[in-house]
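What follows is a single structure, written as structure tokens, with notes after it.
Numbering (the UniProt record's numbering), first residue to last: 1 to 142.
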């Protein structure tokens, strides 16, 4: 049971879910107005032609391999519930599929929705939390 933003207590799972979504949506949504506009010019050195060509070149198998092997093997499973260790230990078998997937994402400039899911864990800030304001959030972005 939790007190929603309207001040009423709720024990209905669907209403609580909607209340939590609305609370965090309002918390992380911008009003759309800005008080300060920053103009950024000449802060970065111009890119060389070589650097520019690297930005648009096809992702290499070695680049993908380095990223996969840089990951902590047991840190956190991805959306498919498979740890990085699986890909590391079976690289010779899965590399073509993984490299093709990454290349397709870059070529189409689209990332499957499931790859961008975020898990939000609510952590009590007080002994007996009553409202969503009494809960801190831990965001785990995949």
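C-beta: ideal position from N, C-alpha, C; glycine also.
| Query | Result |
| --- | --- |
| Cβ-based burial, residue 70 [other Cβ within 10 Å; buried from 16] | exposed |
| Distance CB(residue 102)-CB(residue 59) smaller than 7 Å | yes |
| 7 Å CB neighbourhood of residue 87 in its chain, flanking five on each side removed | 68, 94, 98 |
| Residue 82 (DSSP reduced to helix, strand or coil) | coil |
| Strand pairing of residue 9, partner residues [DSSP] | 3 |
| Classification of residue 21 by the beta-carbon crowding that lies within 10 angstroms, buried from 16 upward | exposed |
| Rounded Cβ spacing between residue 3 and residue 131 (contact assumed at less than 8 Å) | 4 Å |
| Exposure of residue 64, with buried meaning 16 or more beta-carbon neighbours within 10 Å | buried |
| Residue 19 classed as buried or exposed, judged by whether at least 16 other C-beta atoms fall within 10 angstroms | buried |
| Three-state class that DSSP yields for residue 132 in the structure shown | helix |
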